[in-house]
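Colleague: Here you go, one structure.
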Amino acid sequence: MTKESIENLAKKLAESVPEGLRSMRDDMESNFRDVLRSGLNKLDLVTREEFEVQEAVLARTREKLEALEAKLEALEKKA
């Protein structure tokens, strides 16, 4: 999540607070933001870019494996 996403989510959470607690809204928004950042930092997440790079590596590896399996099958048929 980007910093902006965390900010937006914290703001939405603070806005959902009941009317009677609106006076504490700024403090709650700050606390929501801190909790979200802390929770997300504890997760073992990767960026979309890192994910896409690994996805491409996996696709190339799969292609190579399929080619090797085809070669092995052809050699086994010859033997």
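Using my numbering, the first residue of the sequence shown is number 8, and each one after it goes up by one.
For every residue, glycine included, the Cβ atom is placed at its ideal position computed from N, Cα and C.
#1: Is it buried or exposed, F39, if we count other Cβ atoms within 10 angstroms and call 16 or more buried?
#2: Return no unless some Cβ of chain D is closer than 8 Å to the Cβ of M31.
#3: Just how far apart, CA to CA, sit E83 and T68?
#4: Would you mind giving the Cβ-Cβ distance between R32 and V42, rounded to the nearest angstrom? I have them listed as a contact below 8 Å.
#5: Determine whether the beta carbon atoms of A21 and E11 lie at a separation below 8 Å.
#6: How many angstroms separate the CA atom of E62 from the CA atom of L28?
Modeller: From the atom records:
#1: F39 is buried by the Cβ-count criterion.
#2: Of the protein chains in this structure there is only one, and it is not chain D.
#3: 22 Å
#4: Not quite, the Cβ-Cβ distance comes to about 15 Å (not below 8 Å), so this is no contact.
#5: Taking 8 Å as the Cβ cut-off, A21 and E11 do not qualify as a contacting pair.
#6: Each residue's Cα considered, the two are about 46 Å apart.
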